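Worksheet for the structure shown next.
Below is the structure:
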């Protein structure tokens, strides 16, 4: 460099300009190599995520490691104030166990009836604040201090949905997060038919369903009391059930209220969307299936066709929100499959750690319950929620007296 400078000094100004140009080029290249290039590589890495297909890494954890505490990549705060509108025979009890565990471990207040049946309001209306005497007080509020029976964090029980009524009691009512779950109407109705043992009215066993059920189903259709149950849970009244114009208007309003409508048949996929929306951890959405029926009721095809006709409103909203779910999955981005795969691996791991043998209860209702292994850690007890013990814990914690 010194020799080069000596020769250039003899050439005076033109050579000096060359020196400065070479030095500037050197600085620019150094800045680009150590500064800009790593950022560019990072952007490509994030875009590819766990779905790199060039053979460099088949294990997504190498490129995009995930942990049970991993949150969505964007900056967010966990959602602690929400309403889960619980629908009948849709896997909603399993989903409710997730939300109950989340709220219990974070000392959140649940909007609950004080009659001991924690999963239902049993006809209690939310229309009037005066009816707060039917509720358990929020945490930190004295019993019978009814004016302060408000600002509940979570609602996750069976009730007929009405947004204006809920707003009287829920915290942060104007930006409250709402979600629900829907199931294929045929499967939902058959599950209800079996769970409540309606087949006994027709005179046959659950595993012997045949055309003999048709007169019973047709009678139910005339009474119009046992169809479109999911629509009723969501506050859609009977006059709208067979009117596509009114249903279309109702769905438009629902999309304004509900941040997410989950689908039972894609439960794990729905949970990945829920996790991101709520900014929860993977551990927060782990689940054990509740009230899983040991055998499925079977109907002939012609009976199933009738069920679709009679459950017209449920079919309408299910098909709409099923499309909406998959549109959200597409918009989620390339990390979705990797997160789903990781979640299922974690789910299997925790089930092996915590769940023991299952037993079938065959009484007035029929469902499967799981029993915890010898691993009696606090997490496993809350996760398995054997015999719905978590409900009792919440009930007592919030001022309920005695066992449920």
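In the working numbering, the protein residues as written are 941 to 1344.
Even glycine gets a Cβ: it sits at the ideal position worked out from N, Cα and C.
As the structure is a computational prediction, the values presented were derived from the model and not from experiment.
Neighbourhood of residue i by C-beta distance below 8 Å, restricted to the same chain and skipping five residues each side
i            : result
residue 1132 : 1028, 1029, 1138, 1166, 1169
residue 1337 : 1044, 1079
residue 1005 : For residue 1005, the pLDDT reaches just 45, beneath the cut-off of 50, and the residue's location in the model is therefore unreliable, although a value from the coordinates is still provided. Contacts found: none.
For residue i, the first and last residue of its enclosing beta strand (DSSP E)
i            : result
residue 1117 : 1117-1122
residue 1024 : 1022-1025
Cutoff 6 Å; reference residue i; Cβ partners in own chain excluding five residues on either side
i            : result
residue 1279 : 1212
residue 1110 : 1092, 1116
residue 1090 : 1109
DSSP state of residue i mapped onto helix, strand, coil
i            : result
residue 1060 : strand
residue 1105 : helix
residue 1182 : coil
residue 1352 : Only positions 941 to 1344 of the chain appear in the structure, and residue 1352 is not among them; the question remains open.
residue 1200 : strand
residue 1339 : coil
residue 1053 : strand
residue 1297 : strand
residue 1232 : strand
residue 1015 : coil
residue 1092 : strand
residue 1098 : strand
residue 1133 : helix
residue 1086 : helix
Cβ-Cβ separation, residue j to residue i (assumed contact under 8 Å), whole Å
i            : j            : result
residue 1032 : residue 1176 : Not really, about 17 Å apart at Cβ, beyond 8 Å.
residue 1095 : residue 1201 : The pair is not a contact, with the Cβ atoms about 16 Å apart (cut-off 8 Å).
residue 1256 : residue 1037 : Not really, about 29 Å apart at Cβ, beyond 8 Å.
residue 1205 : residue 1264 : So it is not a contact: roughly 14 Å between Cβ atoms.
residue 1194 : residue 1174 : 7 Å
residue 1330 : residue 1041 : 6 Å
residue 1203 : residue 1292 : Contact flag wrong, Cβ pair sits at about 27 Å.
Close Cβ partners of residue i (< 7 Å) along its chain, the five nearest in sequence each way excluded
i            : result
residue 1181 : 1168, 1171, 1252, 1253
residue 1061 : 1053, 1097, 1098, 1099
residue 1026 : 1032, 1036, 1096, 1097, 1098
Run of the alpha helix (DSSP H) containing residue i, from where it starts to where it stops
i            : result
residue 1319 : 1318-1324
residue 1110 : Premise fails: residue 1110 is in no alpha helix (DSSP H) and is neither H nor E.
residue 1167 : It is not in any alpha helix (DSSP H) - residue 1167 carries neither H nor E in the DSSP assignment.
residue 1239 : Per DSSP, residue 1239 belongs to no alpha helix (DSSP H) and is neither H nor E.
residue 1261 : 1252-1272
residue 1216 : 1207-1218
residue 1044 : 1032-1045
Heavy atom of the ligand FAD within 8 Å of residue i beta-carbon
i            : result
residue 1202 : This structure simply doesn't include the ligand FAD, nor any ligand for that matter.
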